[in-house]
């Protein structure tokens with residue numbers, strides 16, 4: 029969670045329905061980059077894939093710049109790539125900006 033930005037209760041409604049509620053947080057936030065951590069990340073993503081709020085979770089993590097853990101079945105590096113891709117102008121946007 030991005031602790032630096034305020035979050036309204038409405039923004040957090042999806043959390044109570046998440047499949048990860050009651051799971052060990054270390055599963056989603058491994059403490060190292062070891063092969064055991066990768067196995068933990070795979071298990072966490074499996075929990076995410078059965079979650080009814082996977083898209084809300086992923087969207088929240090991307091919008092809030094969450095750079096730790098597994099959120100919405102994505103790793104921190106995957107979310108950074110998504111943010112970068114969203115920040116780059118698409119060919120259609122570039123054409124409209126040029127004119």
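In the working numbering, the protein residues as written are 29 to 127. In this text, a Cβ means the ideal position worked out from N, Cα and C, and glycines have one as well.
Closer than 7 Å: residue i CB and nearest the ligand MG heavy atom
i          : result
residue 68 : Among the components of this structure there are no ligands whatsoever, and the ligand MG is therefore not found.
8 Å Cβ cutoff met for residue i and residue j
i           : j           : result
residue 109 : residue 99  : no
residue 69  : residue 103 : yes
From the options, residue whose alpha carbon lies closest to that of residue i
i          : options            : result
residue 83 : 107, 50, 52 and 58 : 107
residue 53 : 77, 87, 111 and 96 : 96
residue 77 : 48, 42 and 115     : 48
residue 42 : 87, 111 and 62     : 87
Cut-off 7 Å between Cβ atoms - residues of its own chain near residue i, not counting five sequence neighbours on either side
i          : result
residue 46 : 79, 81 and 85
residue 51 : 75
Cβ neighbours of residue i in the same chain (closer than 6 Å, five flanking residues each side left out)
i          : result
residue 65 : 58
residue 32 : Only weak support is given to the placement of residue 32: the predicted model assigns it a pLDDT of 40, under 50, and the value that follows is read from those uncertain coordinates. Excluding residues within five positions, none has a Cβ falling inside 6 Å.
Beta bridge counterpart(s) of residue i as assigned by DSSP
i          : result
residue 99 : 102
Rounded Cβ spacing between residue i and residue j (contact assumed at less than 8 Å)
i          : j          : result
residue 72 : residue 56 : 5 Å
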